[in-house]
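Numbering (the numbering used here), first residue to last: 35 to 396. By construction, the Cβ of each residue, glycine as well, lies at the ideal position given by its N, Cα and C atoms. Computed from a predicted model, the values in this text were never measured in an experiment.
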């Protein structure tokens, strides 16, 4: 069932809580996601230049614990301590402080508490595996859990949408880490209910050919990438190919939507690989230009192409904003892929099983 899109004003509480909790503890996790239609470029406050579509990565997660302690009087700004992998990080603190400034109008109870967060990843941070998506996704889920305790009558659909909305204000791609398993974020004429403020579940019936998909991430580069995604997004404003990229993304999302509904792996794979290569081409033609792929990335791309050509196996790749390669294929082909790419067994990797349960169309 499709609901009318919420507007920004809908996420501002219309009343004060009946009761403030003295103390609260919570724990949750959020998965990373891999964009197949890439979001690259934004305006205003995390508004995407184009709509994107992603798969959740259920085994690549950020787990976060929170403790809230009521203050005697509200602070001027949200007070918090944040530890990642057991240590404080000044860069993270700056990002989270900015995040709290952005969301305080939508969560006016935040300055009434002192917040403590402990967060861990089971995959490398800042290496191009959307750690900010899972990180801010987990934070948003925790804060919505807290809000539910203060406003117990809020409806589940409202809270579901608000979680994505709040996550987006920390990291755009985080909007897609609290929905799924297939999510769309950004307004698109062919996707009912799609909008720029929060992600939605893909609204159409997905063909059984995509019922069990594996995303195998090859950890080819674990170091922090030289150019952050935030910096990369900013370079799109003056990019000479900006307009053509927006139109390409629009057409690609329509095509990928169709392939998911018809079960067409060949069209799915062609669009997915083109999107990955376009993303990195935009980086290499920015001013200043930069390259995030490594020689090992290109070598593995060539192996995947050779395997597909020689065997006909529907195995494809995508890349996020980094060097690490995502190999995507129907899970049923895994043994044949591993047998033909023997080097996989010696390569550090993360295996994500994506289960897409068929459902009846609304």
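May I ask which residues mark the beginning and end of the beta strand (DSSP E) holding residue i?
| i | result |
| --- | --- |
| residue 388 | 383-389 |
| residue 127 | That residue, residue 127, is in no beta strand (DSSP E); its alpha helix (DSSP H) goes 124-137. |
Taking the beta carbon of residue i as the centre, do at least 16 other beta carbons fall within 10 Å, making it buried, or is it exposed?
| i | result |
| --- | --- |
| residue 267 | buried |
| residue 353 | buried |
| residue 222 | buried |
| residue 360 | buried |
| residue 190 | exposed |
| residue 278 | exposed |
| residue 187 | exposed |
| residue 248 | buried |
| residue 109 | exposed |
Report the option in the options whose CA atom is closest to the CA atom of residue i.
| i | options | result |
| --- | --- | --- |
| residue 314 | 127, 171, 61, 325 | 325 |
| residue 147 | 135, 132, 122, 113 | 113 |
| residue 260 | 175, 355, 276, 249 | 355 |
| residue 166 | 133, 194, 184, 179 | 133 |
| residue 388 | 269, 231, 244, 87 | 244 |
Put residue i into one of helix, strand or coil per three-state DSSP.
| i | result |
| --- | --- |
| residue 395 | Because residue 395 carries a pLDDT of 40, less than 50, the predicted location of this residue cannot be relied on, and no value is offered for it. |
| residue 351 | strand |
| residue 324 | coil |
| residue 82 | strand |
| residue 360 | strand |
| residue 242 | helix |
| residue 257 | coil |
| residue 147 | strand |
| residue 121 | strand |
| residue 380 | helix |
| residue 74 | coil |
Just to confirm my understanding: we take residue i, look at its own chain, exclude 5 residues before and 5 after, and list those with CB closer than 7 Å. What are they?
| i | result |
| --- | --- |
| residue 233 | 198, 209, 210, 213, 217, 218, 219 |
| residue 374 | 341, 345 |
| residue 296 | 241 |
| residue 56 | 104 |
| residue 65 | 90, 91, 92, 94, 95, 168, 211 |
At what residues does the alpha helix (DSSP H) containing residue i begin and finish?
| i | result |
| --- | --- |
| residue 60 | No alpha helix (DSSP H) contains residue 60, which is instead part of the beta strand (DSSP E) from 57-71. |
Skipping 5 residues on each side, what residues in its chain have a beta carbon closer than 6 Å to that of residue i?
| i | result |
| --- | --- |
| residue 137 | 200, 203 |
| residue 394 | Because residue 394 sits at a pLDDT of 46, beneath the cut-off of 50, its placement in the model cannot be relied upon, and the point is left open. |
| residue 288 | 224 |
| residue 97 | 63, 154 |
For residue i, which residues from the same chain have a beta carbon less than 8 Å from its beta carbon, with the 5 sequence-adjacent residues on both sides left out?
| i | result |
| --- | --- |
| residue 308 | 286 |
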